[in-house]
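S.K.: There's a structure below that I have some questions on.
Protein chains: 2
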Amino acid sequence: MDVLTARTDTGDPAYLAFAFIRIKGSPDVHTLGLTFGDRVAVATQSFAAGPGTVLTLHQIKLLDGTLQDSLPSIDLDSYFHAPELDTLYVENVNRWVRRSVPGTNQELCSVVPSQFRHHNMDRLPLRFSPREKIKSAQKARTLLPTRIAKDSVRLGSHTVSYTVDASRDLNGVGLVYFASYFSFADTALLAYWEKLSRPLESFLARRVIDNRMCYFSNADPGTVLSISVTGYRYPASMPDDGELIDIRITDRHTGELLALNSQHVFAR
Amino acid sequence: MDVLTARTDTGDPAYLAFAFIRIKGSPDVHTLGLTFGDRVAVATQSFAAGPGTVLTLHQIKLLDGTLQDSLPSIDLDSYFHAPELDTLYVENVNRWVRRSVPGTNQELCSVVPSQFRHHNMDRLPLRFSPREKIKSAQKARTLLPTRIAKDSVRLGSHTVSYTVDASRDLNGVGLVYFASYFSFADTALLAYWEKLSRPLESFLARRVIDNRMCYFSNADPGTVLSISVTGYRYPASMPDDGELIDIRITDRHTGELLALNSQHVFAR
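Protein chains in written order, with the UniProt record's numbering: chain X, 1 to 268; chain H, 1 to 268.
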């Protein structure tokens, strides 16, 4: 089947939508550190993580001339439990969805196109299933450990409103584009930065070594979002471990949770 | 040479920046009509258009099963003077630039990296040179014919302010991304649409059959832009030929012209 033109059994378009994304690097290798002309090697593997859910893992290394162009295939235990400092780890969870009512992006529902076959994909051992972490984040309304407020120093918080822009936030099928959620979060992060009187230069030079986004709902263009940002730092008694950012994107009118984002940021 | 990591003779980064983009289609084939899963065939050719200027032409056709995957090479006369209705024509003009002062995006200046060789590129016959049209647009401060105000009906105009966003408008080297200029223009176009009390659905369903952007200056993040939109329609005595949109992007503080955009739009 062609995943980009998939249809439900009743002939409606079906989309393999993002449910979760994590981009994990290190102070040495992080997304904002990449630039034009960098050469990278990528290893990618997809796994069936339930009947209508696909987990895709990428490992990305900067090529420095000594490294071979191809990487060994992904080992799940090292991927999740023994990450290396010179590697960027990108984890995507995608689920099949369809519109519940034509013409609106609200209340997308799960569907598995009957042509979709996951039997020839590698099966994901249950201990690596993303399901539990998504469920518990939704329940706790944060991707950070729930003890964070007790264990750390609260640096500040800030909430902005943002209207979903029909001219730049939608993808080719009229849904809010998955990458736009990162723009929403980063726009609010910039406002938080300015509220704490930090210079723009330090925002541009920040290193985001871990960035997670959990998607719960899409939205129609024109929807007013409320995006709240809270920053935490571990107590001064501990070695500098950067700043943890907790971002919550909700529909300002209904209060519905659209997405959660957490970022581990080193500011310069 | 690697165009993405080019340096000037003094070792500073050099960028092959966009100076002009035109995307020309028809009511049948236009960018907003493309979606996930569409298969296209592309023919591309680059030409030397002066010592530090490159013109790149693309012809794009939707594959419908009967069409071969490859297109014949580009013929300049047909490209510019006999376009076909089933083809999308994308024209890029790029010029080598460098920062005049490190740390700012203002006043980029021309530079040709000495490693850059254009002798093995096809030379562009002078009659197709983009130079004159860029110069006359800059002088007239519009990409539309200067008689447009006389020959047509003015539908309305609207000006918005927009602050260049450090979190979403920059590219990997800290310059305002060329595609962000289209977002700036379209954000203002949406505001114009709303001012004329047109429904959001008609904005989303619009067909942009010609879209030109002429770049004159970059900008630092935090710069406040003034984006003005004026719409024209030919007199009712003529057959419906859509709407011509004239967009001007300036620095609100200094008045400097950053870019001109024109769009030929059919609203539904």
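The C-beta atom is built at its ideal place from N, Cα and C for all residues, glycine as well.
1. How about residue 73 of chain H and residue 41 of chain H: do their beta carbons lie closer than 9 Å?
2. For a test of the three-state rule: what should DSSP assign to residue 151 of chain X, helix, strand or coil?
3. In the DSSP output, which residue or residues are listed as bridge partners for residue 48 of chain X?
4. Is the separation between the beta-carbon of residue 274 of chain X and that of residue 22 of chain X shorter than 9 Å?
5. Against residue 168 of chain H, what residues of chain X qualify as contacts under a CB-to-CB distance less than 8 Å, listed in chain order?
6. Just to confirm the assignment, what range does the beta strand (DSSP E) spanning residue 264 of chain H have?
7. According to DSSP, is residue 80 of chain H helix, strand or coil?
8. Using only alpha-carbon positions, find the residue among H:244, H:47, H:93 that is nearest to residue 75 of chain H.
9. Would a C-beta distance cut-off of 9 Å place residue 262 of chain H and residue 246 of chain H closer than the cut-off?
10. Step through the CB atoms of chain H and report whether any lies within less than 9 Å of the CB of residue 159 of chain X.
11. Evaluate contact between the segment 186 to 200 of chain H and the segment 153 to 163 of chain H, counting only Cβ atoms and requiring at least three cross-stretch pairs below 8 Å.
12. Using a Cβ-Cβ cutoff of less than 7 Å, which residues in the same chain neighbour residue 109 of chain H once the five nearest sequence positions on both sides are dropped?
13. In chain H, which residues lie with their C-beta within 8 Å of the C-beta of residue 258 of chain X?
14. For residue 130 of chain X, verify whether its CB is less than 8 Å away from any heavy atom of the ligand ADP.
15. Would you call the segment 164 to 183 of chain H in contact with the segment 7 to 19 of chain H, where contact means no fewer than 3 C-beta pairs closer than 8 Å?
16. Quick check on DSSP: helix, strand or coil for residue 244 of chain X?
17. Using a beta-carbon distance below 9 Å, is residue 2 of chain H in contact with chain X?
18. Residue 126 of chain H and residue 214 of chain H: beta carbons closer than 9 Å?
19. CB residue 124 of chain X to CB residue 63 of chain X, shorter than 9 Å?
20. Looking at C-alpha atoms only, which residue of X:211, X:254, X:240 is the closest neighbour of residue 107 of chain X?
21. Could you work out which residues of chain H lie near residue 63 of chain X, taking near to mean beta carbons separated by less than 7 Å?
22. Measure the Cβ-Cβ separation of residue 25 of chain X and residue 209 of chain X and say whether it is below 9 Å.
23. What did DSSP end up calling residue 59 of chain X once you bin it into helix, strand or coil?
24. May I ask you to list, following chain order, the residues of the segment 128 to 157 of chain H that have a beta carbon less than 7 Å from some beta carbon of chain X?
25. So residue 155 of chain X and residue 243 of chain X are supposed to be a Cβ contact under 8 Å. How far apart are they, rounded?
26. Would residue 37 of chain H count as contacting chain C if we go by Cβ distances under 9 Å?
27. With 7 Å as the C-beta to C-beta threshold (strictly closer), list the residues of the segment 194 to 225 of chain X near chain H in chain order.
28. By the DSSP assignment, the beta strand (DSSP E) with residue 19 of chain X in it spans what residues?
29. Just grab the DSSP bridge partners of residue 131 of chain X for me.
M.R.: A quick look at the data gives this:
1. Residue 41 of chain H is positioned such that its CB atom lies no closer than 9 Å to that of residue 73 of chain H.
2. Of the three classes helix, strand and coil, the one that applies to residue 151 of chain X here is helix, per DSSP.
3. For residue 48 of chain X, the beta-bridge partners assigned by DSSP are X:54, X:123.
4. Examination of residue 274 of chain X is not possible in this model, given that chain X is present from 1 through 268 alone.
5. Simply 183, 186, 187.
6. Taken as a continuous stretch (DSSP letters only), the beta strand (DSSP E) holding residue 264 of chain H covers 257 to 266.
7. The answer is helix: DSSP assigns residue 80 of chain H an H, G or I state.
8. Looking at the Cα atoms, H:47 is the closest of the given residues.
9. Between residue 262 of chain H and residue 246 of chain H, the C-beta gap is smaller than 9 Å, which places the two residues in contact.
10. Under the Cβ criterion of 9 Å, residue 159 of chain X is not counted among the residues facing chain H.
11. Verdict: yes, contact present.
12. The residues are 97, 98, 100.
13. Among the residues of chain H, none has a CB under 8 Å from the CB of residue 258 of chain X; the nearest is roughly 18 Å distant.
14. Because no ligand of any kind appears in the structure shown, any question about the ligand ADP cannot be addressed here.
15. Yes, they touch.
16. Looking at residue 244 of chain X - three-state DSSP - the assignment turns out to be strand.
17. Interface residue (Cβ-Cβ distance to chain X less than 9 Å): residue 2 of chain H is classified as such.
18. No.
19. With respect to the 9 Å criterion, residue 124 of chain X and residue 63 of chain X are not classified as neighbours on the basis of their beta carbons.
20. When only C-alpha atoms are compared, the closest one is X:254.
21. Under the 7 Å cutoff, chain H gives no residues; its nearest Cβ is about 13 Å from residue 63 of chain X.
22. Closer than 9 Å, so yes.
23. Three-state result, residue 59 of chain X: strand.
24. Residues of the segment 128 to 157 of chain H with a C-beta atom less than 7 Å from some C-beta of chain X do not occur.
25. Approximately 7 Å separates the beta-carbon atoms of residue 155 of chain X and residue 243 of chain X; this is inside 8 Å, confirming the contact.
26. In the structure shown, chain C cannot be found, because the protein chains are X and H.
27. The segment 194 to 225 of chain X vs chain H, Cβ under 7 Å: 200, 203, 204, 221, 222.
28. Annotation for residue 19 of chain X: the continuous beta strand (DSSP E) segment containing it runs 15 to 24.
29. According to DSSP, which records beta bridges pairwise, residue 131 of chain X is partnered with nothing at all.
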